[in-house]
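Numbering (the working numbering), first residue to last: 325 to 658.
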């Protein structure tokens with residue numbers, strides 16, 4: 325794969341004990357150093373026009389001034405420093421690069437993956453939250469739509485937390501589908517199955533909150549029985565994966581049971597779904613707070629595109645998963 329990366333993203337200083345810290349990117353780089361076929365690309369940071377396409381001008385101005393004044397705690401969880409402004413623009417620019425590179429035809433072993441930070445999927449139109457300042461995946465999707473590169477973009481968010489910001493930005497839009505598989509009841513307590521969009525965006529929001537303890541078989545069942553038919557109906561030109569790795573069974577802040585091999589299986593399934601609708605695919609890093617499991621998850625995505633065949637899981641999906649998928653299919657009229 326080709327990984328979008330910038331040293332500027334390391335300058336976003338959240339403090340010694342914050343789970344979202346520069347060591348996340350360092351761990352990913354160490355893990356990828358053991359794999360072959362890895363290439364790094366440094367893209368241009370996003371400009372103000374790109375971020376104000378999905379965020380309010382006043383919020384962007386306030387964030388820039390906050391960082392210029394030295395930063396601090398934006399909220400109890402979301403910490404900024406002077407360098408956060410440039411890091412956030414860089415992360416958004418990397419996501420934009422990934423989307424554009426995918427639409428330029430980079431696929432297979434050249435599939436683009438933006439490994440920037442801070443992450444983005446909790447950032448709403450007019451506020452930062454949940455470690456996120458600019459919604460990187462949303463910036464990327466909006467950019468390619470505005471440029472006429474894609475008529476429809478689908479965003480699949482497999483982070484353990486619901487991407488409330490991405491949903492918020494596109495909830496009434498018919499040209500961007502947002503789909504999330506997340507742990508039920510976890511921060512930020514959004515993403516109910518009944519949240520399916522409104523107006524032009526009716527049935528273009530797909531939420532599947534899974535019970536704590538869901539593992540590989542549950543996630544694959546969700547892709548096969550809910551995500552794939554929703555994407556088939558939507559027929560996107562581009563799929564952006566908001567790729568968090570905090571549903572891993574050893575991540576310190578979730579209760580899900582996805583294995584490292586599970587991320588390879590998810591990658592393989594999404595590649596097949598995208599191929600089925602003739603869509604390009606790009607990956608954008610979100611969460612993942614166990615350094616070893618984060619590095620292993622990203623490496624599994626890379627190895628899958630590098631030709632490794634994932635091993636199918638033992639076991640079957642839980643009855644709770646089957647029931648929730650059935651309810652979602654009914655809500656979306658799939």
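Note that beta-carbon positions come from the ideal geometry of N, C-alpha and C, so glycine has one too.
Within the continuous alpha helix (DSSP H) that includes residue 627, where are the two ends? Working through the chain shown from its first residue, we reach residue 627 at position 303. Its alpha helix (DSSP H) spans residues 615–629.
Rounded to the nearest angstrom, what separates residue 403 and residue 338 at their Cα positions? Numbered from its first residue, the chain shown carries residue 403 at position 79. Numbered from its first residue, the chain shown carries residue 338 at position 14. C-alpha separation (whole angstroms): 5 Å.
Give me whichever residues DSSP pairs with residue 596 in a beta bridge. Within the chain shown, numbered from 1, the residue matching residue 596 stands at position 272. Under the DSSP definition of a beta bridge, residue 596 lacks any partner.
Contact defined as beta carbons within less than 8 Å: I believe residue 416 pairs with residue 370. What is the distance between those atoms, to the nearest angstrom? Indexing the chain shown from 1 puts residue 416 at position 92. Indexing the chain shown from 1 puts residue 370 at position 46. About 4 Å; that satisfies the 8 Å criterion.
Taking residue 552 as the reference, give the member of 633, 570 and 652 with the closest Cα. For the purposes of this step, residue 552 is taken as residue 228 along the chain shown, with counting starting at 1. Here the closest residue by C-alpha is 652.
Beta bridge counterpart(s) of residue 481 as assigned by DSSP: Taking the chain shown and counting its residues from 1, one reaches residue 481 at position 157. BP columns for residue 481 point to 504 and 566.
Coarse secondary structure for residue 413, derived from DSSP in three states: By 1-based counting over the chain shown, the position of residue 413 is 89. Helix.
In or out: residue 628 buried (at least 16 other Cβ within 10 Å) or exposed? Your numbering for residue 628 matches position 304 in the chain shown. Its Cβ being crowded by 16 or more others within 10 Å, residue 628 is buried.
Considering just the uninterrupted stretch of the alpha helix (DSSP H) at residue 553, what are its terminal residues? To locate residue 553, count along the chain shown from 1; it is residue 229. Its alpha helix (DSSP H) spans residues 552–558.
Could you tell me which residues DSSP pairs with residue 651 in its beta bridges? As a working mapping, residue 651 is identified with position 327 in the chain shown. Residue 651 is not bridged to any residue.
With a threshold of 7 Å on Cβ separation, who are the neighbours of residue 538 within its own chain once the five nearest residues in sequence on each side are excluded? Numbered from its first residue, the chain shown carries residue 538 at position 214. So the list reads 580, 581, 642 and 645, once near-sequence residues are dropped.
With C-beta atoms as the reference, is residue 422 less than 9 Å away from residue 608? Numbered from 1 along the chain shown, position 98 holds the residue referred to as residue 422. Numbered from 1 along the chain shown, position 284 holds the residue referred to as residue 608. A Cβ-Cβ contact shorter than 9 Å links residue 422 with residue 608.
What first and last residue would you give for the beta strand (DSSP E) that runs through residue 658? The count along the chain shown starts at 1 and reaches residue 658 at position 334. Note, residue 658: premise wrong, no beta strand (DSSP E); not H, not E.
Element boundaries [alpha helix (DSSP H), containing residue 386]: In the chain shown, residue 386 corresponds to position 62, counting from 1. Element bounds for residue 386: 381–392.
Reduced DSSP category for residue 473 - H, G, I as helix; E, B as strand; rest coil: For this step, residue 473 is matched to residue 149 along the chain shown. Looking at residue 473 - three-state DSSP - the assignment turns out to be coil, as it is neither helix nor strand.
Report yes if the CB atom of residue 534 is closer than 9 Å to the CB atom of residue 354, and no otherwise. The residue labelled residue 534 in the question sits at position 210 within the chain shown. The residue labelled residue 354 in the question sits at position 30 within the chain shown. No, these two residues do not count as a Cβ contact at 9 Å.
Do you know how far the Cα of residue 392 is from the Cα of residue 540? Here residue 540 is taken as the residue at index 216 of the chain shown, counted from 1. Here residue 392 is taken as the residue at index 68 of the chain shown, counted from 1. Distance between the alpha carbons of residue 540 and residue 392 is about 44 Å.
Just to confirm the assignment: which complete alpha helix (DSSP H) runs, minimum length 4, are found wholly within the segment 351–379? Entirely contained in the segment 351–379, the alpha helix (DSSP H) runs reaching 4 residues are, in chain order, 372–376.
Out of 622, 618, 373 and 600, which has the shortest C-alpha to C-alpha gap to residue 470? Your numbering for residue 470 matches position 146 in the chain shown. Considering only alpha carbons, the answer is 373.
Measure the alpha-carbon distance for residue 550 versus residue 658 and round it to whole angstroms. Position 226 of the chain shown, counted from the start, is the residue given in the question as residue 550. Position 334 of the chain shown, counted from the start, is the residue given in the question as residue 658. Looking at the two C-alpha atoms, the distance is approximately 8 Å.
Coil, strand or helix - residue 548 by DSSP: Here residue 548 is taken as the residue at index 224 of the chain shown, counted from 1. The three-state secondary structure of residue 548, taken from DSSP, is helix.
Where do the ends of the beta strand (DSSP E) carrying residue 457 lie? Here residue 457 refers to the residue found at position 133 of the chain shown. Taken as a continuous stretch (DSSP letters only), residue 457 belongs to no beta strand (DSSP E), as it is neither H nor E.
Pick from 542, 333, 620 and 343 that is closest to residue 640, judged by C-alpha positions: Residue 640 sits at position 316 when you count from the first residue of the chain shown. Across the set 542, 333, 620 and 343, the C-alpha of 542 shows the shortest separation from the C-alpha of residue 640.
Just the C-alpha distance for residue 611 and residue 523, rounded to the nearest angstrom, thanks. On the chain shown, residue 611 is found 287 positions in, with the first residue counted as 1. On the chain shown, residue 523 is found 199 positions in, with the first residue counted as 1. Between residue 611 and residue 523, the C-alpha separation is close to 30 Å.
Bounding residues of the alpha helix (DSSP H) (the contiguous stretch that carries residue 515): Residue numbering aside, residue 515 sits at position 191 when the chain shown is read from its first letter. Unbroken run through residue 515: none, as it is neither H nor E.
Going by C-alpha to C-alpha distance, which of 342, 594, 358 and 448 sits closest to residue 567? Looking up residue 567 in the chain shown gives position 243. Closest by alpha carbon: 594.
From 489, 425 and 356, residue whose alpha carbon lies closest to that of residue 453: By one-based count along the chain shown, residue 453 stands at place 129. For the residues 489, 425 and 356, the minimum Cα distance to residue 453 belongs to 489.
Opposite residue 587 in the DSSP bridges: which residues? Within the chain shown, numbered from 1, the residue matching residue 587 stands at position 263. Answer is none; residue 587 lacks a bridge partner.
Can you tell me where the beta strand (DSSP E) with residue 529 in it begins and where it stops? Working through the chain shown from its first residue, we reach residue 529 at position 205. It spans 529–534 - the beta strand (DSSP E) in which residue 529 sits, taken as one unbroken run.
Candidates 445, 636, 634 and 346: closest to residue 615 by CA position: As a first step, residue 615 must be located in the chain shown, where it is residue number 291. Comparing C-alpha distances from residue 615 to each of 445, 636, 634 and 346 shows the shortest one belongs to 346.
Name the two residues that bound the continuous alpha helix (DSSP H) containing residue 328. Here residue 328 is taken as the residue at index 4 of the chain shown, counted from 1. Run containing residue 328: none in the alpha helix (DSSP H); it sits in the beta strand (DSSP E), 326–328.
Residues near residue 632 by beta carbon distance below 8 Å, same chain, minus five either side: Numbered from 1 along the chain shown, position 308 holds the residue referred to as residue 632. Taking C-beta separations shorter than 8 Å and ignoring five residues to either side along the sequence, the partners of residue 632 in its chain run 588, following chain order.
Short check: CB of residue 303 to CB of residue 520, under 9 Å? Outside the shown range of the chain, which is 325 to 658, sits residue 303, and nothing can be said about it.
Taking just the CA atoms, how far does residue 603 sit from residue 597? Stepping through the chain shown from its first residue, residue 597 is reached at position 273. Stepping through the chain shown from its first residue, residue 603 is reached at position 279. Roughly 9 Å separates the two Cα atoms.
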